[in-house]
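Below is one structure, written out as structure tokens; the observations come after it.
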Amino acid sequence: MSQPPSPCTRVCRIDPRTGWCLGCRRTLGEIADWPMLTGAEQRALLVELRRRG
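Now the structure itself:
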């Protein structure tokens, strides 16, 4: 299975309360790790990001 596109929305500001990006809701660690994740790991993270919404 192919890798999904990055959830980045180009709104790159971290909420100091949650530690999540205001655009994509990832943490800095998740943003940095994205290119190294497998497709399955990326899809699992996308599911988690929807829960954070």
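If you're matching positions, the sequence shown starts at 1 in the UniProt record's numbering and goes up one per residue.
Cβ coordinates follow ideal geometry from the N, Cα and C atoms, glycine included.
Does the beta-carbon of residue i have 16 or more other beta-carbons within 10 angstroms, so that it is buried, or is it exposed?
i   : result
C8  : exposed
C21 : buried
C24 : buried
For residue i, which residues in the same chain have their Cβ closer than 7 Å to its Cβ, ignoring the five residues on either side in sequence?
i  : result
M1 : G39
Q3 : G39, Q42
Hey, residue i and residue j are a contact pair by Cβ (cut 8 Å); roughly how many whole angstroms apart?
i   : j   : result
L45 : E30 : 6 Å
The alpha helix (DSSP H) spanning residue i covers which residue range?
i   : result
L45 : 39 to 52
I31 : 28 to 33
Cα separation between residue i and residue j?
i   : j   : result
V11 : R26 : 11 Å
A32 : S6  : 11 Å
R17 : P35 : 26 Å
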